[in-house]
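K.L.:
This structure is in structure tokens; I'll ask about it shortly.
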Amino acid sequence: MRDPNAIDFWRGFALVTIFINHIPGNTFERYTFSQYGISDAAELFVFLAGWSIGIATRGRDGVPEPPMKSVVRLLNRTVEVYRAQLTVMLLALAIIAGAALLLDNPLILEWHNAGGFFADPIQSVCGMALLTYQLGYFNILPLYVLLIGVAPIFVLVGRFSLVAALILSGGLYLASLVFEWNVPSWPGEGNWYFDPFCWQVLLVLGFVLQRWNARSDTLRRWSHRLFPAGIVIVLAGIVLAVTEIRPDPMLVPEPRLLFTFEKTYLTPARLVHFLGVLLAFAPVYALLAPRIGRIVSYLTQLGRNSLAVFSMGSILSLIAQLVRFQTGGGLLIDMLVAGSGLIALGLTAWFVEWRTRSKSPRPRT
Amino acid sequence: MVRRMAYPQQVSEAADVSAARPRPFIRAAILAAVVLAASASPPRAEQTADAGAGEPSLSMECRVPGAQLYTAAKLGAVRAALAEKRPIKLLAIGGSAAPGASASYPAKLEAALEQALPKVDVVIDHRGLPGEVASGAAERLRTMVVEAEPDLVVWQVGTHDAIARVEADAFESALSEAVAWIKSHGIDVVLVDPIYTASMAADADYNRIVEAVRTVATQQQVPLVRRYEALHYLSSRSDRGEGHMLGRQFRLNDLGLRCMAEHVALTIVTSLAKTETPAEPKAAPAVPPLTGTQRAPG
Numbered sequence: 001m002r003d004p005n006a007i008d009f010w011r012g013f014a015l016v017t018i019f020i021n022h023i024p025g026n027t028f029e030r031y032t033f034s035q036y037g038i039s040d041a042a043e044l045f046v047f048l049a050g051w052s053i054g055i056a057t058r059g060r061d062g063v064p065e066p067p068m069k070s071v072v073r074l075l076n077r078t079v080e081v082y083r084a085q086l087t088v089m090l091l092a093l094a095i096i097a098g099a100a101l102l103l104d105n106p107l108i109l110e111w112h113n114a115g116g117f118f119a120d121p122i123q124s125v126c127g128m129a130l131l132t133y134q135l136g137y138f139n140i141l142p143l144y145v146l147l148i149g150v151a152p153i154f155v156l157v158g159r160f161s162l163v164a165a166l167i168l169s170g171g172l173y174l175a176s177l178v179f180e181w182n183v184p185s186w187p188g189e190g191n192w193y194f195d196p197f198c199w200q201v202l203l204v205l206g207f208v209l210q211r212w213n214a215r216s217d218t219l220r221r222w223s224h225r226l227f228p229a230g231i232v233i234v235l236a237g238i239v240l241a242v243t244e245i246r247p248d249p250m251l252v253p254e255p256r257l258l259f260t261f262e263k264t265y266l267t268p269a270r271l272v273h274f275l276g277v278l279l280a281f282a283p284v285y286a287l288l289a290p291r292i293g294r295i296v297s298y299l300t301q302l303g304r305n306s307l308a309v310f311s312m313g314s315i316l317s318l319i320a321q322l323v324r325f326q327t328g329g330g331l332l333i334d335m336l337v338a339g340s341g342l343i344a345l346g347l348t349a350w351f352v353e354w355r356t357r358s359k360s361p362r363p364r365t
Numbered sequence: 001m002v003r004r005m006a007y008p009q010q011v012s013e014a015a016d017v018s019a020a021r022p023r024p025f026i027r028a029a030i031l032a033a034v035v036l037a038a039s040a041s042p043p044r045a046e047q048t049a050d051a052g053a054g055e056p057s058l059s060m061e062c063r064v065p066g067a068q069l070y071t072a073a074k075l076g077a078v079r080a081a082l083a084e085k086r087p088i089k090l091l092a093i094g095g096s097a098a099p100g101a102s103a104s105y106p107a108k109l110e111a112a113l114e115q116a117l118p119k120v121d122v123v124i125d126h127r128g129l130p131g132e133v134a135s136g137a138a139e140r141l142r143t144m145v146v147e148a149e150p151d152l153v154v155w156q157v158g159t160h161d162a163i164a165r166v167e168a169d170a171f172e173s174a175l176s177e178a179v180a181w182i183k184s185h186g187i188d189v190v191l192v193d194p195i196y197t198a199s200m201a202a203d204a205d206y207n208r209i210v211e212a213v214r215t216v217a218t219q220q221q222v223p224l225v226r227r228y229e230a231l232h233y234l235s236s237r238s239d240r241g242e243g244h245m246l247g248r249q250f251r252l253n254d255l256g257l258r259c260m261a262e263h264v265a266l267t268i269v270t271s272l273a274k275t276e277t278p279a280e281p282k283a284a285p286a287v288p289p290l291t292g293t294q295r296a297p298g
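Chains as they are written, first to last, in the numbering used here: chain E, 1 to 365; chain S, 1 to 298.
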């Protein structure tokens, strides 16, 4: 197993945040950082995925692995994530349907737009396999499948020139904002909640920054210098979030996506805010790590097993919602569901690592 | 208890204003009269619409007395679209009716509206809006409205917030803000409150959410489809003992889904009959009109 490190720590932190935020209305939601800025944990999660690709496609000595090996590695990961999405969707639908039957309450069928599935299973099941049918809160993994699926292109381009990869990605991002490109949902009208054409920029940014960071300490020096700017952006984000000031999408000039705060399109305001958060909080891990050892080891364990933990988190947050709904919520229930959820996430990570250990004859280092 | 937002005086006052483009209004009024007269028992305030019986517009299984079915209010933007003889763009939000299927809610709503408003083309954009109005969904709604640029938003609202046990006050203010925003851009709104189901009937939080939708509809002066009451009425009426595999509540829910389109269409047509002209009239004196005459570009 990897030793605790900043990447796994922040990824674990993002996973916990997403878990809490996916139990809407719960008491702890208002204590997550997502409530105090323009961007949230989804940005962090995708950025770190890109950063990890930078690490994974190199040997320990920093020498890049053969290009085909990287491609196959990423395709393998794509299949894993796709499989996870199908499993999680099926379980979610079964939990929703089961709860509706058990409690004799058809209202529950409407949960997260699952009603569409039960009303039209013929089209919906195709859409499920195509990833174009997504339940509310179950829309990050489809994005992830697509992003890791196209990541080989950027990784290969990056072998020649990281700047070229960044320009390619940034160009696609800007074009998508201007022309409002997105992947359609089906069945049903509308588009993906996370626009892959826009969100890919964060993955590529994570990948490119990881490479630059590994090559020289120029990036580190600059991020040190820009630290005050990060603080200013974070403070501005807090003010905007608390006062709920945001541009009216009907009144902004065209192309409007350059000016709004929409999560779907990872609009520039969100991107800038996220980079500010990155600058402001990058040094935090080194400060915290020696002081909160237990929490660090818990979060890094989650981060090391992010796919399993995320999948389990999606299911657990759905169950938590049902429990809150049926019991009426309240602080005690919230403490119970959030607490047992966090323990279950830790157990999930532990179980995955135990299984990996018991499979391989020798413990990997 | 039943709040109606009828403006009988203003309808007649508006006669001279509407003289410029009288036909759509009259046509809609006649149609509304026919539709209204056809419903099982016309709402009390609709004296003008009482006369004359036509063929039933609500199908047998969906028949609910008007007072229990809707609250009408003005629909200026739709009226303007009618006056300009252009297609009515309708953004239907929420609802589990199978998207895409021919018998689904949007398809039925389109058919019901085009039947009630002949020679009018209705274009429906149906979107799901998962998430709570009180946290995030209201923002996504804005995006949808900007993308669809509709004349009318028909919004089934409250279910997700009820499920998430959102505080009714927080829900109410978020919904009120969202509706005011839509109206401020010269777009009409029809609200549809959550479903009735026996297991939720005694749930105080749930009833507070339903009540909050009504309050917002009243405050913002937008039509409301009282789905909760309509289904409650239907549940008390249709008490046949036939065994449904999934139990009675599920059968009621199915019925509610089947009737949604008819109920929404009737509410829209009735509301249109109350709306005078494209030029914005002065609304009820108690509440200042939130709808400006401005229309969003495009």
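No residue lacks a Cβ here, since even glycine has one placed at the ideal position from N, Cα and C.
Bear in mind the structure is a predicted one, so any value in this text is a computation, not a measurement.
Using DSSP bridges, identify the partner residues of S/Tyr70.
P.N.:
Here the question's residue 70 of chain S lines up with position 70 in the second sequence. The partner list for S/Tyr70 (beta bridge, DSSP) reads S/Val225.
K.L.:
Nearest to E/Ile95 by alpha carbon, out of E/Ala114, E/Thr78, E/Arg77 and E/Tyr82?
P.N.:
In the first sequence, the residue the question calls residue 95 of chain E occupies position 95. For E/Ile95, the nearest C-alpha among the options comes from E/Ala114.
K.L.:
Mind listing the chain S neighbours of E/Met89? Cutoff is C-beta to C-beta under 9 Å, in chain order.
P.N.:
Locating residue 89 of chain E in the first sequence gives position 89, counting from the first residue. Simply none; closest approach about 14 Å.
K.L.:
Distance, Cα to Cα, S/Leu36 vs E/Leu316?
P.N.:
Working through the second sequence from its first residue, we reach residue 36 of chain S at position 36. Working through the first sequence from its first residue, we reach residue 316 of chain E at position 316. Unreliable positioning characterises S/Leu36 in this predicted model, as indicated by a pLDDT of 47, which lies under 50. The coordinate reading is nonetheless provided below. Rounded to the nearest angstrom, the two C-alpha atoms are 48 Å apart.
K.L.:
At a CB-CB cut-off below 8 Å, which residues of chain S make contact with E/His22?
P.N.:
On the first sequence, position 22 is the one that residue 22 of chain E refers to. Here the premise fails: no neighbours, minimum Cβ distance about 10 Å.
K.L.:
Alpha carbon to alpha carbon, how far is E/Gly59 from E/Phe154?
P.N.:
As a position in the first sequence, residue 59 of chain E is number 59, starting the count at 1. As a position in the first sequence, residue 154 of chain E is number 154, starting the count at 1. One C-alpha to the other measures close to 18 Å.
K.L.:
In chain order, what residues of the same chain lie with their CB nearer than 7 Å to the CB of E/Arg2, ignoring the 5 residues before and after it?
P.N.:
Numbered from its first residue, the first sequence carries residue 2 of chain E at position 2. Counting only Cβ-Cβ distances below 7 Å, and skipping sequence neighbours, we find Asp8 and Arg304.
K.L.:
Tell me whether E/His224 is buried or exposed, calling it buried when 16 or more other Cβ atoms sit within 10 Å of its Cβ.
P.N.:
Residue mapping note: residue 224 of chain E aligns to position 224 of the first sequence, counting from 1. So E/His224 ends up on the exposed side.
K.L.:
Report the residue from E/Tyr31, E/Glu43 and E/Tyr36 whose alpha carbon sits nearest the alpha carbon of E/Leu271.
P.N.:
Locating residue 271 of chain E in the first sequence gives position 271, where the first residue counts as 1. It is E/Glu43.
K.L.:
Since E/Arg270 meets chain S, which of its residues come closer than 8 Å, beta carbon to beta carbon?
P.N.:
Start at 1 with the first residue of the first sequence, and residue 270 of chain E comes out as number 270. Those within 8 Å of E/Arg270 in chain S number zero; the least Cβ separation is about 12 Å.
K.L.:
Would a check of beta-carbon distances place E/Arg341 closer than 8 Å to chain S?
P.N.:
Looking up residue 341 of chain E in the first sequence gives position 341. Note on identity: in this sequence residue 341 of chain E is Gly, with Arg being the wrong assignment. E/Gly341 does not count as touching chain S.
K.L.:
For S/Met260, return the contacting residues in chain E, with the cut-off set at a CB-CB distance below 9 Å.
P.N.:
For this step, residue 260 of chain S is matched to residue 260 along the second sequence. Going along chain E, no residue has its Cβ under 9 Å from S/Met260, so there is no contact; the nearest lies around 12 Å.
K.L.:
Here's the rule: buried if 16 or more other CB atoms are within 10 angstroms of the residue's CB, otherwise exposed. What is E/Asn139?
P.N.:
To locate residue 139 of chain E, count along the first sequence from 1; it is residue 139. That one is buried.
K.L.:
Roughly how many whole angstroms lie between the Cα atoms of S/Val189 and E/Phe117?
P.N.:
Taking the first residue of the second sequence as 1, we reach residue 189 of chain S at position 189. Taking the first residue of the first sequence as 1, we reach residue 117 of chain E at position 117. Their Cα atoms are separated by approximately 27 Å.
K.L.:
Would you call the CB atoms of E/Arg256 and S/Val146 closer than 8 Å?
P.N.:
On the first sequence, position 256 is the one that residue 256 of chain E refers to. On the second sequence, position 146 is the one that residue 146 of chain S refers to. In contact: E/Arg256 and S/Val146 (Cβ atoms closer than 8 Å).
K.L.:
Give the straight-line distance between the Cα atoms of E/Tyr133 and E/Arg83, rounded to the nearest whole angstrom.
P.N.:
Translated into the one-based positions of the first sequence, residue 133 of chain E becomes position 133. Translated into the one-based positions of the first sequence, residue 83 of chain E becomes position 83. Answer to the nearest angstrom: the Cα atoms are 15 Å apart.
K.L.:
Alpha carbon to alpha carbon, how far is E/Leu258 from E/Gly50? Give it in angstroms, no decimals.
P.N.:
Walking along the first sequence from the start, residue 50 of chain E turns up at place 50. Walking along the first sequence from the start, residue 258 of chain E turns up at place 258. If I take the Cα positions, the gap works out to 23 Å.
K.L.:
For E/Leu219, return the contacting residues in chain S, with the cut-off set at a CB-CB distance below 9 Å.
P.N.:
For the purposes of this step, residue 219 of chain E is identified with residue 219 of the first sequence, where counting begins at 1. Chain S residues near E/Leu219: none, gap ~34 Å exceeds 9 Å.
K.L.:
Does DSSP put E/Val71 in a helix, a strand or coil?
P.N.:
Position 71 of the first sequence, counting from 1, holds the residue named residue 71 of chain E. Helix, per DSSP.
K.L.:
With E/Pro152 and E/Val71 assumed to form a contact (beta carbons below 8 Å), what rounded beta-carbon distance in angstroms separates them?
P.N.:
Numbered from its first residue, the first sequence carries residue 152 of chain E at position 152. Numbered from its first residue, the first sequence carries residue 71 of chain E at position 71. Contact flag correct, Cβ pair sits at about 4 Å.
K.L.:
DSSP puts S/Ser135 in a beta bridge; with which residues?
P.N.:
Residue 135 of chain S sits at position 135 when you count from the first residue of the second sequence. The partner list for S/Ser135 (beta bridge, DSSP) reads S/Glu132.
K.L.:
Return the CA-CA distance between E/Asn21 and S/Glu132, expressed in angstroms with no decimal places.
P.N.:
For the purposes of this step, residue 21 of chain E is taken as the residue at position 21 of the first sequence. For the purposes of this step, residue 132 of chain S is taken as the residue at position 132 of the second sequence. Taking the straight line from one Cα to the other gives about 12 Å.
K.L.:
Quick one: give me the first and last residue of the alpha helix (DSSP H) that E/Ala175 is part of.
P.N.:
Within the first sequence, numbered from 1, the residue matching residue 175 of chain E stands at position 175. Taken as a continuous stretch (DSSP letters only), the alpha helix (DSSP H) holding E/Ala175 covers Leu162 to Phe179.
K.L.:
Identify the continuous beta strand (DSSP E) that holds S/Trp155 and give its terminal residues.
P.N.:
Working through the second sequence from its first residue, we reach residue 155 of chain S at position 155. Unbroken beta strand (DSSP E) run through S/Trp155: Leu152 to Gln156.
K.L.:
Please name the residue, chosen from S/Ala170, S/Glu139 and S/Leu257, that lies closest to E/Phe261 on a Cα-to-Cα basis.
P.N.:
In the first sequence, counting from the first residue as 1, residue 261 of chain E sits at position 261. Considering only alpha carbons, the answer is S/Glu139.
K.L.:
By DSSP, does S/Pro87 sit in helix, in strand, or in coil?
P.N.:
Here residue 87 of chain S is taken as the residue at index 87 of the second sequence, counted from 1. The answer is coil: DSSP assigns S/Pro87 none of H, G, I, E or B.
K.L.:
For E/His273 and chain S, any beta-carbon pair shorter than 8 Å?
P.N.:
Here the question's residue 273 of chain E lines up with position 273 in the first sequence. No, E/His273 does not count as interfacial toward chain S.
K.L.:
List the whole-angstrom C-beta distance separating S/Pro194 from S/Gly136, where the pair is believed to meet the contact cut-off of C-beta under 8 Å.
P.N.:
In the second sequence, counting from the first residue as 1, residue 194 of chain S sits at position 194. In the second sequence, counting from the first residue as 1, residue 136 of chain S sits at position 136. Not quite, the Cβ-Cβ distance comes to about 19 Å (not below 8 Å), so this is no contact.
K.L.:
Where does E/Asn191 fall in DSSP's three states?
P.N.:
Stepping through the first sequence from its first residue, residue 191 of chain E is reached at position 191. Three-state result, E/Asn191: strand.
K.L.:
Starting from S/Arg127, trace the beta strand (DSSP E) both ways and give me its first and last residue.
P.N.:
Residue numbering aside, residue 127 of chain S sits at position 127 when the second sequence is read from its first letter. It spans Val122 to Arg127 - the beta strand (DSSP E) in which S/Arg127 sits, taken as one unbroken run.
K.L.:
Skipping 5 residues on each side, what residues in its chain have a beta carbon closer than 6 Å to that of E/Met128?
P.N.:
Within the first sequence, numbered from 1, the residue matching residue 128 of chain E stands at position 128. So the list reads Met89, once near-sequence residues are dropped.
K.L.:
Under 8 Å between C-beta atoms, does S/Ile195 make it to chain E?
P.N.:
Translated into the one-based positions of the second sequence, residue 195 of chain S becomes position 195. S/Ile195 counts as touching chain E.
K.L.:
Do E/Ile238 and E/Gly37 have their beta-carbon atoms positioned less than 8 Å apart in this structure?
P.N.:
Here residue 37 of chain E refers to the residue found at position 37 when the first sequence is read from its first residue. Here residue 238 of chain E refers to the residue found at position 238 when the first sequence is read from its first residue. Cβ atoms of E/Gly37 and E/Ile238: closer than 8 Å.
K.L.:
Under the DSSP definition of a beta bridge, which residues are partnered with E/Arg58?
P.N.:
Reading the first sequence from its first residue, position 58 is the one you call residue 58 of chain E. For E/Arg58, which the question treats as bridged, DSSP gives the partners E/Pro64.
K.L.:
On the CB-based measure, 16 or more other CB atoms within 10 Å of its CB, does S/Ile124 come out buried or exposed?
P.N.:
Looking up residue 124 of chain S in the second sequence gives position 124. Flag for S/Ile124 reads buried.
K.L.:
Between which two residues does the alpha helix (DSSP H) holding E/Leu318 run?
P.N.:
Numbered from its first residue, the first sequence carries residue 318 of chain E at position 318. That run of the alpha helix (DSSP H) goes Ser306 to Thr327.
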